[in-house]
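Just so you know, the protein sequences line up as chains R, B, S and L, in that order.
For my numbering, count along the first sequence from 1 and bump the result up by 17.
For my numbering, count along the second sequence from 1 and bump the result up by 17.
For my numbering, count along the third sequence from 1 and bump the result up by 2.
For my numbering, count along the fourth sequence from 1 and bump the result up by 2.
C-beta: ideal position from N, C-alpha, C; glycine also.
Bear in mind the structure is a predicted one, so any value in this text is a computation, not a measurement.
What follows is a short report on a single structure.
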Amino acid sequence: MSYDKPKFHHPLLKKNKVGYIKTDYEGVISTLCAGCGHDSISGAIVQACYEISLEPHRLAKLSGIGCSSKTPTYFLSNSHGFNSVHGRMPSITTGANMANRDLIYLGVSGDGDTASIGMGQFVHAIRRNLNMVYIVMNNGCYGLTKGQDSATADFGSVSKAGSDNPYQAIDLAGLALELNATFVGRSFSGDKTQLVPMIKAAMAHPGFAFLDVISPCVTFNNNAGSTKSYSHVREHIESTSIFDFVPKEEEITIDYPEGESAELELFDGSKIQLSKLAPDWNPTDRFSAVNRLHASKARGQILTGLLYINTDSKDLHGKLNTVDKPLNKLTQEELCPGSEALEKVNASFR
Amino acid sequence: MSYDKPKFHHPLLKKNKVGYIKTDYEGVISTLCAGCGHDSISGAIVQACYEISLEPHRLAKLSGIGCSSKTPTYFLSNSHGFNSVHGRMPSITTGANMANRDLIYLGVSGDGDTASIGMGQFVHAIRRNLNMVYIVMNNGCYGLTKGQDSATADFGSVSKAGSDNPYQAIDLAGLALELNATFVGRSFSGDKTQLVPMIKAAMAHPGFAFLDVISPCVTFNNNAGSTKSYSHVREHIESTSIFDFVPKEEEITIDYPEGESAELELFDGSKIQLSKLAPDWNPTDRFSAVNRLHASKARGQILTGLLYINTDSKDLHGKLNTVDKPLNKLTQEELCPGSEALEKVNASFR
Amino acid sequence: MKQEVVVNDLVIRFSNVNGTGSASANEMFAKSIFRMGIPVTPKNIFPSNIQGLPTWYEVRVSEKGYLGRRDGIDLLVGVNPQTLKRDINSIRPGGYFVYDSSKKLHEEYIRADINYIGIPMIQLAMEHYAKPRLQQLLKNIIYVGAVVTLLDIELEVVKQVIAEQFEKKPKLIPANYQALELGVNYVKENLEYPLNIRLKRIDAVGDSIMIDGNTACALGAIYAGATLMAWYPITPSTSVAKAFETYCKKMRIDAETGKKKYAFVQAEDELAAIGMVIGGNWNGARSFTATSGAGVSLMNEFIGLSYFAEIPVVLINVERGGPSTGMPTRTQQADIISSAYASHGDTKHVLLFPSTPAECFEHTVKCFDLADRLQTTIMLISDLDLGMNNHMSPPLKWDDSQKYDLGKVLSAEDLEEMTEPFGRYLDVDGDAIPYRTIPGTHPTLGSFFTRGTSHDEYAKYSELPEVYLRNVDRLAQKWDTAKTLVPAPEFYQEESKNSIGLIFFGTTVYAAVEAMMMLKEEGIQLDAMRVKAFPFHQEVEDFIAAHEQLIVVEQNRDAQFRTLLINELELNPARLLSVLNYDGTPITAHHITKHIKNQLTATV
Amino acid sequence: MKQEVVVNDLVIRFSNVNGTGSASANEMFAKSIFRMGIPVTPKNIFPSNIQGLPTWYEVRVSEKGYLGRRDGIDLLVGVNPQTLKRDINSIRPGGYFVYDSSKKLHEEYIRADINYIGIPMIQLAMEHYAKPRLQQLLKNIIYVGAVVTLLDIELEVVKQVIAEQFEKKPKLIPANYQALELGVNYVKENLEYPLNIRLKRIDAVGDSIMIDGNTACALGAIYAGATLMAWYPITPSTSVAKAFETYCKKMRIDAETGKKKYAFVQAEDELAAIGMVIGGNWNGARSFTATSGAGVSLMNEFIGLSYFAEIPVVLINVERGGPSTGMPTRTQQADIISSAYASHGDTKHVLLFPSTPAECFEHTVKCFDLADRLQTTIMLISDLDLGMNNHMSPPLKWDDSQKYDLGKVLSAEDLEEMTEPFGRYLDVDGDAIPYRTIPGTHPTLGSFFTRGTSHDEYAKYSELPEVYLRNVDRLAQKWDTAKTLVPAPEFYQEESKNSIGLIFFGTTVYAAVEAMMMLKEEGIQLDAMRVKAFPFHQEVEDFIAAHEQLIVVEQNRDAQFRTLLINELELNPARLLSVLNYDGTPITAHHITKHIKNQLTATV
Ligand SMILES: Cc1ncc(C[n+]2csc(CCOP(=O)(O)OP(=O)(O)O)c2C)c(N)n1
Ligand SMILES: Cc1ncc(C[n+]2csc(CCOP(=O)(O)OP(=O)(O)O)c2C)c(N)n1
Ligand code: SF4
Ligand code: SF4
Ligand SMILES: [Mg+2]
Ligand SMILES: [Mg+2]
């Protein structure tokens with residue numbers, strides 16, 4: 018059951034450049050547990066889309082199965098959505114992206130959905146540098162099936178039932194780096210200041226943008242001993258940088274200390290503006306990100322922020338060299354070679 | 018169709034400690050293409066098993082589907098074998114291993130089998146630290162289906178048909194390291210001196226031992242421009258170390274230069290003896306291996322040899338804390354709780 | 003609205019919001035009735051979500067022992083504002099609506115033909131408990147107290163059940179008792195009680211137990227000696243795994259070392275789960291998995307491997323509402339064809355259909371014996387209704403003299419004694435079942451190469467047409483052997499007497515038995531058969547042969563079971579009528595009788 | 003052993019080792035016969051391996067135009083020592099064995115009832131070519147030269163075919179010509195020729211082409227406007243992908259930019275392949291995949307999603323020998339039931355069964371129209387025989403006035419003009435097919451949420467029984483709509499005249515038509531129908547109704563097509579006899595006639 022929120026449009030609510038107010042980016046009322054991290058991420062998506070003045074119908078939102086994968090109903094109700102099957106969102110997004118290169122594709126997944134059943138598709142979407150934003154709402158457990166450990170649960174993390182996890186966690190951000198993902202970030206559902214600009218930057222990135230967002234499950238994995246609880250994350254979080262996203266032609270407003278700041282221009286003219294908190298880290302050097310991540314992990318810390326960006330890579334359309342016009346807009350005239358050409362084909366088989 | 022080789026036992030052929038001669042470790046005659054790298058790896062397996070005096074029935078050999086996955090018929094015909102389905106060898110091996118912890122499990126796979134359809138199972142076998150040897154016969158292509166690029170084909174590598182591969186390669190050894198595999202090595206089918214001791218060490222390792230073995234496909238991927246051809250590999254190979262495996266209670270015979278040599282004792286008392294060729298590399302420091310691999314890759318070189326070993330980790334049985342006796346040997350008496358216990362269960366449901 | 007007093011025959015429904023602790027309160031309510039010796043079936047109707055959506059708990063009480071769902075709710079406790087309208091409309095005329103009168107009920111909810119009983123639940127809870135979470139939880143116990151009094155349920159029994167429920171957290175007992183009394187006293191002080199519908203202790207449950215089918219399956223697997231369970235979470239089969247782990251921890255720990263005599267592996271997906279089961283059984287350890295819906299679809303490739311390479315697999319499919327993700331928390335019997343003929347190529351698989359938790363136990367044990375004997379996939383086809391709801395069931399039975407049938411496995415000694423060379427796929431005994439060996443059995447004898455490709459009697463790869471034919475024809479013959487090994491059907495008459503035979507299977511039994519009685523009262527006599535397995539036992543054929551007209555009752559849209567009967571027994575479809583129920587709720591006797599009567603009029 | 007001269011009616015078999023270049027030599031041989039205007043069918047029987055295993059190439063020549071396989075080999079060229087015995091035994095008495103006489107044939111290979119023709123192939127090759135690889139390759143051309151002469155095939159035609167074959171590597175032509183002459187001259191100088199079996203130019207192929215079904219499917223997809231192919235390599239479907247890419251490179255490159263008007267994605271597995279197809283079609287680009295065997299099994303979950311969420315999918319299944327990995331390089335029609343009812347829950351899928359390459363083309367186009375119109379999975383069920391062998395076929399046809407049927411898709415204008423709110427799953431027209439919108443169509447209208455869970459007419463999630471029922475009942479009704487849209491069957495008589503009707507589909511047509519002629523000659527007259535689609539068209543029902551007895555010919559063990567007929571048309575199984583062939587080789591007319599005669603005697 019889902020409930021449409023009554024949308025009360027206050028005349029004073031500020032319209033963005035494309036004429037929408039913030040509530041236009043919302044979806045139906047969430048049916049997740051009160052306090053679930055996923056809802057905060059939905060909120061950040063709404064915020065980001067509103068702020069960058071996205072026209073909602075220019076985005077398609079896709080997901081697998083899980084509490085996290087339900088969230089696309091809770092934001093952007095003017096966008097087409099697809100709640101598909103468990104672990105297979107990447108392949109559906111690949112097909113959708115092939116059909117129309119002009120839309121923005123936002124994929125939402127869970128750690129169960131991505132790190133277990135969906136591992137293969139995740140890896141290969143990265144390999145193809147599919148132009149999409151891929152958000153994992155990472156709670157270290159299977160929320161919707163009642164709290165089993167997932168593959169991102171940390172070694173030794175204690176479950177609600179009291180048992181220690183004996184397996185090494187899969188670090189999805191580390192994995193994405195190893196696999197040459199062209200944009201890798203990590204954030205925390207509780208840190209909107211970091212998350213909102215990160216989502217904006219991810220949307221501006223013309224390739225695979227991966228966001229691993231720690232998102233506590235209040236019902237099944239927010240207990241003492243869990244390394245994915247609100248309190249544990251708050252206590253162990255650290256950041257690569259102070260981070261902002263500046264849309265094309267907007268002015269940079271924040272002043273960063275000289276020397277530690279960096280400005281990265283993206284494909285569409287927008288910019289990422291950041292002040293490094295880690296001196297040896299360089300956002301465009303993949304191996305420095307790997308190093309930095311490793312160092313944090315060794316200290317038991319959770320490194321968040323932008324980890325790596327490759328501002329110059331070809332997405333799958335580029336690799337395949339497809340035409341600029343979306344394939345789903347090509348007409349029969351443009352596609353069908355016609356009877357004459359077929360006669361030639363026939364002749365070649367005689 | 019398969020042909021049993023006539024086994025001519027020359028009286029002088031040397032028996033190993035368990036009374037077998039080398040041909041006892043062979044299988045039926047290979048039906049792979051003449052010159053296929055996979056056959057050399059089969060040969061190395063035969064050699065290694067003979068030299069460590071393995072009783073063939075104490076090993077189970079399993080594979081997926083592909084030319085590579087056919088090889089288990091070509092070695093160890095006194096071992097049980099299982100040529101399963103495409104990409105799913107790891108799960109079958111997991112079940113088999115759970116059933117009997119006392120056997121040695123040798124899994125053979127191809128790069129298509131592992132890096133594409135089998136990616137999820139590969140990742141999770143590593144995550145569980147399943148006690149097995151996992152060999153990928155890596156030719157950068159799908160041999161059995163006639164030469165399509167696989168996911169390990171290098172970026173820019175030229176196919177037989179002449180097209181450049183536009184995708185980044187998945188580096189399976191790098192991936193295994195990122196995923197905390199407890200033994201990671203890389204070798205080349207053409208380098209038996211390195212490969213044979215590496216297989217022996219992998220078999221002695223009480224956890225997941227991964228060997229990425231470059232194995233040229235002479236029919237479909239040995240052309241100029243291919244980075245998985247014999248000539249390319251020969252020209253770009255480099256090694257972490259000079260390497261030997263010394264079974265328990267055997268003497269170390271090779272003398273390595275002081276300072277660069279290391280000796281690693283394995284769980285069963287056997288030893289890995291090596292002389293480092295890379296000074297900054299430490300075989301038991303995972304991150305130094307990652308660094309080393311990265312450095313070679315940056316120079317366009319293929320780093321081979323032992324990359325990393327964790328000599329102190331729990332395999333899946335250890336993590337699950339199962340009994341020492343193989344589960345498949347437990348009798349009904351040991352397993353069935355009996356009618357009295359069931360009566361108590363019934364009572365609890367009244 | 004003066005009504006007769008009705009004793010021990012009613013349906014009560016609780017309408018709640020999920021994640022508020024109501025399920026456990028409602029369960030205690032049902033358990034108390036059971037303890038009074040009265041047959042009862044609860045059904046938990048929950049959403050595919052964790053918190054905040056509508057959930058219902060329906061309790062049918064039937065002195066006559068009819069345990070199916072029944073239409074017509076006698077009393078509904080409605081505390082979910084989201085569904086108030088719908089809930090009130092679902093009450094039969096003359097029935098009762100128990101609501102939270104802390105706030106006044108809006109006009110639009112007033113029906114003239116039902117009785118309204120207001121209990122100020124949340125008000126009472128707020129008056130007595132400070133913490134919001136406690137208020138929420140104990141509100142449930144308050145309404146239990148009220149309803150218990152209204153229906154004349156023995157308070158001591160309820161208290162006993164509460165005490166047992168909180169055995170491990172005894173500190174919670176007093177608060178629960180207090181809440182219970184709040185409900186009881188409110189009724190006693192403010193309302194007329196008991197109602198005309200009420201309960202009374204009898205002695206009609208015998209030695210029955212109240213248990214869910216999934217727990218019974220898990221216990222069956224433990225008793226059958228399963229040492230590996232590999233699985234992936236999916237509703238409604240997850241609780242098989244949970245119960246397996248729970249009971250293994252009690253029953254399968256080595257006393258000396260504290261180590262486990264089982265391996266319990268949460269796989270990365272369903273493909274891996276069944277792969278592990280294949281590996282485990284190949285290597286001689288009884289291994290199984292449990293799954294539902296999409297999980298079965300994902301296992302298709304491996305099921306074919308099991309069939310063709312002849313490797314035992316035990317697969318418990320707890321069906322849910324399909325297709326696709328469908329209605330994951332609703333029940334159906336709609337995986338019949340996709341299970342029977344799973345996988346590409348010519349394949350057929352053995353299915354067992356338990357009806358009760360006792361049979362879940364017994365059939366799960368049987369699955370392992372059959373899997374080892376037949377060396378193929380055996381599926382236990384359960385459903386959400388059976389698997390996740392508590393059912394009154396005969397107790398679970400184990401005969402200590404019962405020995406596992408491990409099938410045709412050759413030992414080292416067997417191999418040494420053999421005069422002919424070992425052929426893994428050689429039919430030595432004429433039953434089309436070959437002998438197998440377990441890896442590691444013997445240093446030089448008995449090793450073979452398992453493969454999903456065409457192979458000869460000695461497990462060698464072959465593409466020769468005649469070799470292929472020998473193999474698949476033997477597999478077809480093995481199917482005939484299977485027919486002689488599966489459980490025979492159950493009949494509901496001494497001998498067939500009527501021209502019409504009713505056929506059903508699985509959870510339909512509850513409603514079907516009641517329907518037969520209802521029809522009998524109207525003078526319509528039917529013979530009946532409950533099928534327990536596919537392939538069909540000879541007695542299934544005989545029953546069908548003995549009746550002109552058959553009516554097949556099943557819980558899916560496409561009459562899938564009827565298709566199986568027609569296809570495998572070469573029946574004229576004209577002889578088989580269908581009664582179908584597929585809206586996700588368990589079938590009712592009323593539904594069956596109505597459709598049988600329609601069908602019979604239509605065909606006459 | 004004096005024999006009559008037989009012209010244009012023979013079967014020649016080449017027995018080779020794979021990976022030695024024989025396939026291309028043998029193909030040129032077959033093509034030359036086709037060029038002489040004589041109907042011919044080659045069948046390549048190859049192993050699941052790249053190099054060194056036995057492979058056969060069988061060429062049937064039939065002036066009457068019978069294009070099925072025929073038993074009884076008239077001439078066998080045997081150059082594979084591994085299979086010599088078997089090969090020699092396969093020759094019909096009085097037939098010819100052409101062998102490499104460079105080495106003397108061993109005594110044990112001598113049969114008294116056949117003729118031996120020795121050609122010193124390898125000796126000739128070694129005398130004329132230095133490189134071993136060249137010797138191996140040209141040895142094949144040498145035997146072609148010999149056989150061409152023995153059978154009186156026009157040498158100029160063969161040379162022309164060779165010239166075309168090496169069009170892009172003209173340097174190779176002289177060596178091939180030379181090798182050809184070596185064979186020709188050896189025969190001319192040393193042997194009697196032509197043989198009693200021989201060929202002669204006629205004019206019996208008309209405007210036919212020689213093409214394999216997979217290439218025709220790929221061309222069909224291009225003509226149908228498919229812009230996304232997502233696939234994973236698997237024999238025997240891989241060549242669909244290969245041909246799609248090849249022809250797209252010729253026909254679908256934007257002339258100005260050199261960019262591609264298609265996306266060709268090799269997926270990481272079959273699950274991903276069909277997922278991409280679902281994504282592409284959801285987003286309004288015609289998308290398809292091709293697979294075989296295990297691939298179809300792996301796609302089960304997604305097929306259910308397509309059915310329930312109503313997303314077009316075109317899936318080409320080139321069947322191979324099952325179950326499991328089975329015989330991947332052999333042919334069968336054994337994925338009928340698993341395709342028709344793929345996926346858990348109540349599901350049914352539309353299948354089309356082409357018989358010829360021309361139909362592969364035409365039906366593939368039809369698949370896209372049907373998928374868009376019906377918004378569900380449409381499977382083209384081909385097989386290895388049709389897909390990978392060259393077949394003489396009518397030319398591919400395209401009518402330029404033919405317009406794609408893109409089904410019920412609402413444009414921005416449509417949405418703005420609508421007076422009622424858009425309901426994605428609302429049946430507005432009474433045909434049970436709802437309207438859909440493509441993402442991005444309109445800023446504020448028409449967006450909806452696609453899901454595999456139960457949903458109402460407006461695509462909202464719902465667990466209500468009545469909502470679920472409305473939806474699945476509509477899907478059942480859509481199935482009835484499908485019946486009116488699929489291709490009608492083909493009949494082989496003006497009107498039904500006989501009491502027995504023959505039913506077949508797909509590649510069985512070749513043998514079936516010949517069988518009917520053979521039976522006619524023996525006085526057994528049958529009516530016949532070739533079914534082209536599932537669900538069954540009304541005319542299929544009518545034909546069946548018009549015949550007392552039906553014989554269903556199919557290439558699988560379990561008579562799967564017969565099951566479909568019985569189940570979907572409610573037929574009495576007693577009316578349907580079966581002729582089955584499932585050893586992996588294409589069915590022969592002889593096999594059909596034999597079994598029909600057996601069946602008829604048995605039932606009389
Ligand atoms: C094929 C398949 N297997 C299992 C399930 C059951 N299932 C639903 S959600 C889920 C796990 C979700 O976990 P995660 O992706 O971490 O999401 P969360 O609920 O934690 O946000 C599972 C296993 C399913 N829907 N489909
Ligand atoms: C489910 C499934 N999909 C596809 C295939 C077809 N197939 C057989 S082998 C193979 C690829 C093998 O490549 P690789 O693993 O690299 O082995 P290689 O032959 O190169 O040694 C494929 C795709 C299959 N057998 N099963
Ligand atoms: S169960 Fe956990 S993940 Fe799911 S909605 Fe509740 S808090 Fe969120
Ligand atoms: S095709 Fe390639 S991989 Fe396969 S056997 Fe031949 S050389 Fe080896
Ligand atoms: Mg999760
Ligand atoms: Mg390969």
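Please state the DSSP three-state secondary structure of Trp298 (chain R).
coil
Taking only beta carbons into account, state which residues of the segment 74–99 of chain R come closer than 9 Å to chain S, listed in chain order.
Ile82, Cys84 and Lys87
My parser needs the alpha helix (DSSP H) runs of 4 or more residues fully inside the segment 46–77 of chain R; what are they?
Segments of the alpha helix (DSSP H) lying fully in the segment 46–77 of chain R: 54–68.
Using DSSP with H/G/I as helix, E/B as strand and the rest coil, what is Lys361 (chain R)?
helix
List the residues of chain L whose Cβ lies closer than 8 Å to the Cβ of Ile339 (chain S), in chain order.
Ile339 and Tyr343
The beta strand (DSSP E) spanning Phe16 (chain L) covers which residue range?
Taken as a continuous stretch (DSSP letters only), the beta strand (DSSP E) holding Phe16 (chain L) covers Asp11 to Val19.
Distance, Cα to Cα, Arg322 (chain S) vs Asn192 (chain S)?
If you draw a straight line from the Cα of Arg322 (chain S) to the Cα of Asn192 (chain S), it comes to about 44 Å.
Could you tell me which chain R residues have their CB closer than 9 Å to the CB of Asp271 (chain S), listed as they occur along the chain?
Near Asp271 (chain S) (Cβ distances below 9 Å), the residues of chain R are His103, Gly104, Ser133, Ile134, Gly135 and Met136.
So with CB distances below 8 Å, who are the chain S contacts of Ile109 (chain B)?
Gly277, Met278, Ile280, Gly281 and Trp284
Which word fits Ile46 (chain B), buried or exposed, when buried means at least 16 other C-beta atoms lie within 10 angstroms of its C-beta?
exposed
Have a look at Tyr20 (chain B) and Phe451 (chain S) and give me their C-alpha separation to the nearest angstrom.
Any reading at Tyr20 (chain B) must be qualified, since the residue scores a pLDDT of 47, below 50, and its modelled position is unreliable; the value itself is stated next. Cα-Cα distance, rounded: 14 Å.
Quick one: does the C-beta of Gly207 (chain R) sit closer than 7 Å to a heavy atom of ligand 6?
no
Can you check DSSP and say which residues form a bridge with Trp481 (chain L)?
For Trp481 (chain L), which the question treats as bridged, DSSP gives no partner whatsoever.
Is Asn100 (chain R) near ligand 3, with its Cβ less than 7 Å from a heavy atom?
Taking the Cβ of Asn100 (chain R) as the reference point, every heavy atom of ligand 3 lies at 7 Å or farther away.
In whole angstroms, what is the alpha-carbon distance linking Asn114 (chain B) and His103 (chain B)?
19 Å
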